[in-house]
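In the numbering used here, the protein residues as written are 78 to 221.
Dropping the structure here:
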């Protein structure tokens with residue numbers, strides 16, 4: 078299986094980047110506008126078995142004035158996977174190092190910031206899932 082060399086290379090790269098002390102942005106970037114949104118969730122039971130995987134893609138409209146974000150897109154989940162529409166609105170806020178959406182806080186990295194607005198960002202967290210499962214949630218946003 079080729080996963081170990083890839084994982085080891087990724088770990089070494091990430092370790093060197095983190096060791097170099099990637100600084101947070103000087104000012105808190107504004108998350109505002111229409112973003113292309115991709116989200117992946119992988120959940121595992123306490124015994125380590127896979128509990129489920131979900132992929133979501135769509136558009137996320139963030140309104141920094143109201144602190145609300147609206148998602149419209151598609152999600153694929155289940156076994157076998159089924160594609161369904163997804164939509165919803167939730168409160169959000171962000172700092173230099175975190176973004177909080179609907180009460181859940183994630184670690185965030187910002188890409189290019191133009192005129193104070195984040196043109197891209199990625200965030201990740203380990204969250205509680207259903208029936209005691211633990212889930213890794215990761216999302217990427219790119220300003221349209």
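A virtual CB, placed ideally from N, CA and C, is assigned to each residue, including glycine.
Since this is a predicted model, take the numbers as computed values, not measurements.
Residue i versus residue j: straight-line alpha-carbon distance, rounded
i           : j           : result
residue 195 : residue 105 : 9 Å
residue 146 : residue 112 : 10 Å
residue 178 : residue 171 : 9 Å
residue 130 : residue 120 : 6 Å
residue 94  : residue 100 : At residue 94, the pLDDT of 43 sits below 50, so the modelled position is not reliable and the matter cannot be decided from this model.
residue 219 : residue 126 : 32 Å
Cβ-Cβ distance between residue i and residue j below 7 Å
i           : j           : result
residue 174 : residue 161 : no
residue 114 : residue 135 : yes
residue 210 : residue 139 : no
Closer than 6 Å: residue i CB and nearest the ligand PLP heavy atom
i           : result
residue 174 : Absent from the structure shown: the ligand PLP. Ligands present: none.
Residue i - partner residues in DSSP beta bridges
i           : result
residue 211 : 121 and 205
residue 163 : 150
residue 194 : 107 and 191
Residue i burial status per 10 Å Cβ neighbour count (16 or more: buried)
i           : result
residue 214 : buried
residue 203 : exposed
Exercise for review: Would you mind listing the beta strand (DSSP E) stretches within the segment 116-152 that are 3+ residues and don't spill past its ends, in chain order?
Suggested key: 127-140
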